[in-house]
Amino acid sequence: MPAVAEPKSPEKKFTALHRAAFRALGDDDTEEATRQTGRPAEGRVVARGKFLYADGEKFFLRGVTYGPFGPDGTTSLYKTPAETARDFSIMAASGINTVRTYTEVPRWLLDCAQDHGLKVLVGIAWTQHVSFLDDSKLRQGIEEAVRQTVSKARNHPAVIGYTVGNEIPSSIVRWYGPRRIERFIERLYRIAKEEDPGALVTYANYPTTEYLQLPFLDFVCFNVYLERAETLSAYVGRLQNLADGRPLVLGELGLDSERNGLHHQASTLEWQLGVAFAGGCAGVCVFSWTDEWFRGGSEVAGWSFGLTDRDRRPKPALEVVSRTFNSLPFAEDVEWPMVSVVVCTYNGARHIRETCDALGKLDYRHYEVIVVCDGSSDSTMSILEDFDFNVIQVENGGLSRARNIGLQAARGEIVAYLDDDAHPDIHWLRFLAWSFRTTSHDGIGGPNFPPLDDPFWAFCVAHSPGGPNHVLLEDDLAEHIPGCNMAFRKAALERVGGFDRKFRIAGDDVDLCWKIQENGGTLGFSPAAVVWHHRRNSVSAYLRQQYNYGRAEAMLAEKWPEKFNSAGHVKWGGRIYGSGRATPPFTPKVAIYQGTWGTAPFQSMYEKPSGLVTGLMMTPEWYLLIGIAALVSLLGIFYLPLRLGIFVLIPALLVPIAQSFRGASSARIPADRLSPSERRKARFIIAFLHFAQPVTRLRGRLSKGISFRYVSNTFTSLKGFGTRSFWHEKWLSNQARLEFVEEALVKLGSRSMRGGDFDPWDLEIIGGIAGRARVTMAVEEHGGGRQLVRYRVEPRFSSFTRGIIGVTSLVMLAFSVIDARGKLLFVASVGVLILGRAMLQSLAAADIFHLAAEKAAVREH
Numbered sequence: 001m002p003a004v005a006e007p008k009s010p011e012k013k014f015t016a017l018h019r020a021a022f023r024a025l026g027d028d029d030t031e032e033a034t035r036q037t038g039r040p041a042e043g044r045v046v047a048r049g050k051f052l053y054a055d056g057e058k059f060f061l062r063g064v065t066y067g068p069f070g071p072d073g074t075t076s077l078y079k080t081p082a083e084t085a086r087d088f089s090i091m092a093a094s095g096i097n098t099v100r101t102y103t104e105v106p107r108w109l110l111d112c113a114q115d116h117g118l119k120v121l122v123g124i125a126w127t128q129h130v131s132f133l134d135d136s137k138l139r140q141g142i143e144e145a146v147r148q149t150v151s152k153a154r155n156h157p158a159v160i161g162y163t164v165g166n167e168i169p170s171s172i173v174r175w176y177g178p179r180r181i182e183r184f185i186e187r188l189y190r191i192a193k194e195e196d197p198g199a200l201v202t203y204a205n206y207p208t209t210e211y212l213q214l215p216f217l218d219f220v221c222f223n224v225y226l227e228r229a230e231t232l233s234a235y236v237g238r239l240q241n242l243a244d245g246r247p248l249v250l251g252e253l254g255l256d257s258e259r260n261g262l263h264h265q266a267s268t269l270e271w272q273l274g275v276a277f278a279g280g281c282a283g284v285c286v287f288s289w290t291d292e293w294f295r296g297g298s299e300v301a302g303w304s305f306g307l308t309d310r311d312r313r314p315k316p317a318l319e320v321v322s323r324t325f326n327s328l329p330f331a332e333d334v335e336w337p338m339v340s341v342v343v344c345t346y347n348g349a350r351h352i353r354e355t356c357d358a359l360g361k362l363d364y365r366h367y368e369v370i371v372v373c374d375g376s377s378d379s380t381m382s383i384l385e386d387f388d389f390n391v392i393q394v395e396n397g398g399l400s401r402a403r404n405i406g407l408q409a410a411r412g413e414i415v416a417y418l419d420d421d422a423h424p425d426i427h428w429l430r431f432l433a434w435s436f437r438t439t440s441h442d443g444i445g446g447p448n449f450p451p452l453d454d455p456f457w458a459f460c461v462a463h464s465p466g467g468p469n470h471v472l473l474e475d476d477l478a479e480h481i482p483g484c485n486m487a488f489r490k491a492a493l494e495r496v497g498g499f500d501r502k503f504r505i506a507g508d509d510v511d512l513c514w515k516i517q518e519n520g521g522t523l524g525f526s527p528a529a530v531v532w533h534h535r536r537n538s539v540s541a542y543l544r545q546q547y548n549y550g551r552a553e554a555m556l557a558e559k560w561p562e563k564f565n566s567a568g569h570v571k572w573g574g575r576i577y578g579s580g581r582a583t584p585p586f587t588p589k590v591a592i593y594q595g596t597w598g599t600a601p602f603q604s605m606y607e608k609p610s611g612l613v614t615g616l617m618m619t620p621e622w623y624l625l626i627g628i629a630a631l632v633s634l635l636g637i638f639y640l641p642l643r644l645g646i647f648v649l650i651p652a653l654l655v656p657i658a659q660s661f662r663g664a665s666s667a668r669i670p671a672d673r674l675s676p677s678e679r680r681k682a683r684f685i686i687a688f689l690h691f692a693q694p695v696t697r698l699r700g701r702l703s704k705g706i707s708f709r710y711v712s713n714t715f716t717s718l719k720g721f722g723t724r725s726f727w728h729e730k731w732l733s734n735q736a737r738l739e740f741v742e743e744a745l746v747k748l749g750s751r752s753m754r755g756g757d758f759d760p761w762d763l764e765i766i767g768g769i770a771g772r773a774r775v776t777m778a779v780e781e782h783g784g785g786r787q788l789v790r791y792r793v794e795p796r797f798s799s800f801t802r803g804i805i806g807v808t809s810l811v812m813l814a815f816s817v818i819d820a821r822g823k824l825l826f827v828a829s830v831g832v833l834i835l836g837r838a839m840l841q842s843l844a845a846a847d848i849f850h851l852a853a854e855k856a857a858v859r860e861h
């Protein structure tokens, strides 16, 4: 958790705070209480990327929950204006800027908050603990309650937003099913937005219904009570990935002082807040302001979560919260490492000034900026003269060479790379550096978002596939971090030799990530280390970019064949995050871990692995199948029976079309971003780009002349398929034995792939585009370190081969129906030839595996 700095003159400050508190207890003069105010916040709060902003400045939500309180003879669930003003006065003096309520608030309370410089997150109370969807009148009453509450507070400058629900019980969600609950919450969200379009709207979720899919919310809000720093840190990381490109706010967080003691409450809140904000949370609401709390018409006893007691006397926790809130997001007394920021630019005049302006305003002490101008012929150099940065001008030599030049000039122990069309968040380096201080990762990446003022075509491109997305193996463990926002320990970069200079335009970041991981290093991810990255502003520029990415992938496939499938498509082990990522043509199957009788305290949703057909639909092989079916159909002009290929072409073509429109429909387009007609136009453009991107990228790979290191169809060992065993007197781990086999395969010029997390096999050796051999290893332990290692080798046909066989089978079926025996025999012969070729390649792959296994066995001895 972040270290917390002491405020200036802490004794003087907190003595004044106590004086204000006790004066509030004994003085009923509202005017005197009102004088204890902060400066009123101006403008409404908006969500941008992972944070909230007000008047163009980052707004860390520093909140407490407030009320409801006991009835005082009126219909209000809050105290008198004078008592409320005194509470708000102490809050403002303590560094609190937001009050979260659970029920409708009177207008005077909003005015009072505005007078004290406080924002209000207005809660809307309704009967969420009953089966509310069964009764149409009850549903309508809930919708009307949302409408009236928002209408009464509409456009008030103190309102930050609304929570349209709070912790619908997991048993109620299980009763109706997640989808019905999700639709109802979305309905409430739409009602709130209709009444107050400028306000933020959210739903306060909690761990037992974590699986609810609510992508329409303006920010993600979770109530979390965890009493171990490691557990809270891990869960915040998980919630950040669920939030994806939206801010995360912890709507409730705290500890009961009645059971745990006043000082333990204070110390726990200190690290809880530290962990939350170090994890990139946009805000936290401490539960609660006072021990006084009413629920269900009676006072809640036995719990004392307040920062003040029932008489509004401050507890030690209030001082800790005040100190922590006033040092966000990190304390100044932290020893921050020196960071070298490297920007490589080639004709980047369009955005380089914006990049440099943002770099000059970073909230970080120890950093330098190195700009490598890689042979620019535009006005880039004249723009750079306006900045006091280390500018290195060289002849054009490509992106990797420029990044290596920046590495050589770097003086920092951390080297952070930023593209010339991106600009960082003000706290970018703090979050990156904090991750390096608290982990052993060799590299750390962060998210990149398109700026909100990007033009229409750039907006469409941002929601299309092929963008600079990160790939995560776990919530904080990355497989790939994009080059527009990545940082590394300088020693780690030097250890792997920096960037490979043959990657002149793209692919260098992927290659570097793989080199670091192959060298035993790991990559991390900081969700709050945000940069704003401009996307291409035309379809032609976007498709050129994807074409170049395809060429880079062909180069990567040549260097890292084990990372690609038989068509040159990268096989990621983790999950891709970010906007515009490709979506499957059908809704993926999911499983929700709920525990026995729904009692699990943390209930997560997991996507089941795609099946064979669905997986094939997501790869370039599917487009090859479309091409083959189209060619067969065209040949039908000359040979009538081949026209039956149209019955394969049409469904094969409908799959990527459906996938494209599904991707476009899932694009999150804010209502205030585009007009209704522009939104419709944008979705059609996004659908087109979803369809065109894989074709263009495949063209790029093919233009490079993809060279796969297939094994030859010659046989030396003739061991074939089946089982083979090796006896070893020296113990080795399963992983080490397989790595030895992999190294032997590489030396023999073969190409192999590792099994994934859900695969029951270990290695797959590629024999060619048609066939391969699949290997599974078992190790018998015989004591004294002696082991019997068994390998089972089985044939495996590629998805490309299976697609061709499928088409052939359909054509054969059609010929059999029309009783065209001659044509049936011809097509059957073609099918046999394809199967024979596939089997030969599978046998060759098995053969070379046996050679590799023998060499690995000799090496082990």
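The numbers in my numbering rise by one with no breaks, and the one at position 695 of the sequence shown is 695.
Glycine included, C-beta positions come from ideal geometry on N, C-alpha and C.
All values reported here derive from a predicted model rather than from experimental measurement.
The alpha-carbon separation between Asn485 and Asp419 amounts to approximately 8 Å.
When rounded, the separation of the alpha-carbon atoms in Val394 and Ser400 is 13 Å.
Taking the Cα of His129 as reference, the smallest distance to any Cα among Leu121, Leu138 and Val122 is reached at Leu138. Three or more beta-carbon pairs separated by less than 8 Å link the region 520 to 540 to the region 410 to 425, which places the two stretches in contact. Judged by beta-carbon spacing, Val120 lies within the 7 Å limit of Val159, meaning their Cβ atoms are closer than that value.
Here the alpha carbon of Ile637 sits roughly 32 Å from the alpha carbon of Phe661. In this structure Leu384 is buried. Its beta-carbon is surrounded by 16 or more other beta-carbon atoms within 10 angstroms.
Non-local beta-carbon contacts of Asn519 in its own chain, meaning distances under 6 Å to residues more than five positions away in sequence, involve Val496 in chain order.
Inter-residue distance for Lys58 and Gly283 is about 11 Å (C-alpha atoms, whole angstroms).
The region 832 to 850 makes contact with the region 761 to 772; the number of CB pairs closer than 8 Å reaches 3 or more. Under the criterion of beta carbons closer than 8 Å, Asn241 and Asp475 qualify as touching, at roughly 5 Å. Looking at the DSSP output, Arg790 sits in a beta bridge with Ser725 and Ala778. Around the beta carbon of Gly43, a 10 Å sphere encloses fewer than 16 other beta carbons of the protein chains shown; the residue is thus reported as exposed. The residue from Trp457, Cys460 and Gly446 with its alpha-carbon nearest to that of His480 is Gly446. Straight-line spacing of the CA atoms in Glu742 and Phe721 works out to 19 Å. Counting only the Cα atoms, Leu77 lies some 22 Å from Ala192.
In this structure, the straight-line span from the alpha carbon of Ala828 to that of Arg837 is close to 14 Å. Uninterrupted beta strand (DSSP E) stretches at least 3 residues long and entirely within the region 628 to 697 do not occur. Restricting attention to Ser526, Ala462, Phe456 and Gly466, the CA atom closest to the CA of Phe488 is found in Ser526. Proximity to Ala204 across Val341, Leu214 and Gly783 peaks at Leu214, based on C-alpha coordinates. Note on Glu194: under 16 other CB atoms within 10 angstroms of its CB, so exposed under the neighbour-count rule. When the alpha-carbon of Ala658 is set against those of Ile669, Ile686 and Phe647, the nearest one is in Ile686.
Considered as a whole, the region 170 to 213 harbours 200 to 205 as its complete beta strand (DSSP E) runs of no fewer than 3 residues, in chain order. Rounded to whole angstroms, the Cβ separation of Val510 and Trp572 is 10 Å, and the two are not in contact under 8 Å. In the displayed model, Ser842 falls within a helix according to three-state DSSP.
Annotation: Pro316 is outside any beta strand (DSSP E); the continuous alpha helix (DSSP H) that includes it extends over Pro316 to Phe325.
In the pairwise beta carbon analysis, the region 249 to 263 is classified as touching the region 222 to 230: at least three pairs are separated by under 8 Å. Three or more Cβ pairs drawn from the region 330 to 345 and the region 357 to 377 lie within less than 8 Å of each other, which places the two stretches in contact. Around the beta carbon of Glu270, a 10 Å sphere encloses 16 or more other beta carbons of the protein chains shown; the residue is thus reported as buried.
In this structure, Lys563 and Ala744 do not form a Cβ contact; the two beta carbons are roughly 18 Å apart against a cut-off of 8 Å.
In this structure, the CA atom of Phe330 is about 54 Å from the CA atom of Leu625.
In the three-state DSSP reduction, Glu104 falls in the coil class, being neither helix nor strand. Cβ contact annotation for Gly141 (same chain, cutoff 7 Å, sequence separation greater than five): none.
Per DSSP, Val461 is one residue of the alpha helix (DSSP H) stretching across Phe456 to Ala462. Its Cα nearest to that of Asp244, the residue Tyr577 stands out among Leu738, Arg751, Tyr577 and Ile805.
Judged by DSSP secondary structure, Met381 falls within the alpha helix (DSSP H) whose first and last residues are Thr380 to Leu384.
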